[in-house]
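The structure appears below as structure tokens.
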Amino acid sequence: MSHQLIKVYEEGQVGVIQLNRPKVLNALNRQMVDEIVEQLEVYDRNPEIRVMVIKGNDKVFAAGADIDEMLEDTPLSIELTDPFAVWDRMTLIKKPIIAAVNGFCLGGAFELALHCDLIIAGEDAKFGFPEVKLGVMPGAGGTQLLTKAIGQRRALEWIWLGEMHDADEAKSLGIVNRVVAPELVEEEAMRFTHSLAKQAPISVRLIKEAVRAAGDLPLREGMRLERKNFYLAFDSEDQTEGMKAFVEKRPPNFKGV
Ligand code: CAA
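Residue numbering for the sequence shown follows numbering that gives the first Met the number 0, starting at 0 and increasing by one per position.
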């Protein structure tokens, strides 16, 4: 698959997607979002890949949706082109997705990071939803995902005022998992993803499904899903390998089957 607005490469069992429109601070136009989601789906189906990373460059993750592209939009043009439908496909990805964020992570880019399972940020990262300043509002899940992450009152403050927030504040509110020096973001993201890639892949995906369901399902249904996934893990060779390795006092060798 050839891409124009992202770069993709693999490092061992980690698939990396790099946003690549540096002249416009990686502004996410619709083609770019299509390319990102298509590549995530390719990695999700590739048995050699266990974890994915989405990153920008060392100056910027991305400065939001492409404003030039939205200038001529009308309610009907958006209804007919349905540009947000592709975002729904991102919620169906089963393997872990880690966002590695340097610099601006605004608007649609913040939504992209919030769609990821974990965020590793540099001390230089700036998060926010400036849409209100453009006379619009987040449209790719921002009101829902940020509210689930930090609660209604804080989410309203962030989205109403449209200000930028630094990585430490985002970490203190549970949006960001780790904050490191700007030049160490990539290294930390790869270190983390490589260690995650060593875990039993079937456990990792079943855990993702169950934890993500906690945000959507009532407790009883979430518990039921957890139990089913627990049972399903016992159908894997990795369950036998993991428990045997423990008993034999050796490290497990997980194969993802
Ligand atoms: N869309 C299109 N172009 C953008 C862009 C965007 N979101 N953000 C930056 N650019 C372009 C600029 O127009 C500029 O292009 P030119 O060199 O051709 O003039 C180039 O990128 C560099 O940007 P700046 O000169 O503005 O850089 P700066 O360092 O002075 O400022 C910034 C950086 C504060 C991030 C500023 O660029 C900015 O405010 N960008 C817009 C942020 C924004 O409003 N994002 C939300 C978009 S709406 C959205 O995302 C909706 C949704 O939920 C789906």
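Cβ coordinates follow ideal geometry from the N, Cα and C atoms, glycine included.
For clarity, every value in this text was computed on a predicted model and none was experimentally measured.
Quick check on the burial criterion: 16 or more other C-beta atoms within 10 angstroms. Buried or exposed for residue i?
| i | result |
| --- | --- |
| Phe-245 | exposed |
| Asp-65 | buried |
| Pro-137 | buried |
| Leu-144 | buried |
| Glu-185 | buried |
| Pro-129 | buried |
| Ile-119 | buried |
| Arg-219 | exposed |
| Met-0 | exposed |
| Gly-174 | In the sequence as presented, Gly is not what sits at residue 174; that position holds Ile. Looking at its Cβ environment, which holds 16 or more other Cβ atoms inside 10 Å, Ile-174 is buried. |
If I follow the unbroken beta strand (DSSP E) through residue i, where does it start and stop?
| i | result |
| --- | --- |
| Ala-199 | Neither: Ala-199 is in no beta strand (DSSP E) and is coded neither H nor E. |
| Lys-58 | Per DSSP, Lys-58 belongs to no beta strand (DSSP E) and is neither H nor E. |
| Phe-109 | No beta strand (DSSP E) holds Phe-109; the alpha helix (DSSP H) holding it covers 107-114. |
Mind checking which residues open and close the alpha helix (DSSP H) that includes residue i?
| i | result |
| --- | --- |
| Cys-227 | The residue you asked about is not Cys; residue 227 is Lys in the sequence shown. Lys-227 -> alpha helix (DSSP H) spans 218-232. |
| Gly-141 | 141-149 |
| Arg-44 | 29-44 |
| Leu-75 | 74-80 |
| Val-131 | Premise fails: Val-131 is in no alpha helix (DSSP H) and is neither H nor E. |
| Val-85 | 84-89 |
What is the rounded straight-line gap between the Cα of residue i and the Cα of residue j?
| i | j | result |
| --- | --- | --- |
| Ala-139 | Lys-243 | 45 Å |
| Trp-157 | Leu-195 | 32 Å |
| Phe-83 | Ser-202 | 30 Å |
| Gly-161 | Leu-70 | 19 Å |
| Thr-239 | Arg-249 | 13 Å |
| Val-7 | Leu-39 | 10 Å |
| Gln-198 | Phe-253 | 7 Å |
| Glu-47 | Leu-75 | 42 Å |
| Phe-233 | Gly-214 | 25 Å |
| Trp-86 | Ile-35 | 10 Å |
| Asn-25 | Met-51 | 19 Å |
| Asp-33 | Glu-247 | 47 Å |
| Leu-62 | Leu-113 | Checking the displayed sequence, the identity of residue 62 turns out to be Ala instead of Leu. Distance between the alpha carbons of Ala-62 and Leu-113 is about 14 Å. |
| Leu-172 | Ala-148 | 8 Å |
| Arg-211 | Glu-68 | 32 Å |
| Asp-43 | Val-13 | 11 Å |
| Phe-60 | Pro-21 | 10 Å |
| Phe-109 | Gly-255 | 31 Å |
| Leu-216 | Arg-177 | 27 Å |
| Gly-106 | Glu-78 | 20 Å |
DSSP puts residue i in a beta bridge; with which residues?
| i | result |
| --- | --- |
| His-164 | Phe-126 |
| Met-51 | Gly-14 and Ile-96 |
| Arg-177 | Ile-119 |
| Lys-248 | Answer by DSSP bridge pairing: none, since Lys-248 is not bridged. |
| Lys-6 | Gln-17 |
| Phe-191 | Paired residue(s): none; Phe-191 is not in a bridge. |
| Ala-64 | Leu-27 |
| Phe-103 | Lys-125 |
Is there contact here, the stretch 147-163 with the stretch 182-190, by at least three beta-carbon pairs under 8 Å? no
Check whether the stretch 83-101 touches the stretch 202-211, counting contact only when three or more Cβ pairs, one atom from each stretch, lie closer than 8 Å. Enough Cβ pairs lie closer than 8 Å, so yes.
Does the stretch 54-65 come within contact of the stretch 99-110, defined as at least 3 CB pairs closer than 8 Å? yes
Below 8 Å, can you find three or more Cβ-Cβ pairs linking the stretch 115-134 to the stretch 223-231? no
Spell out a yes or no on whether the stretch 16-23 and the stretch 163-182 are touching, meaning 3 or more CB-CB pairs, one atom from each, closer than 8 Å. no
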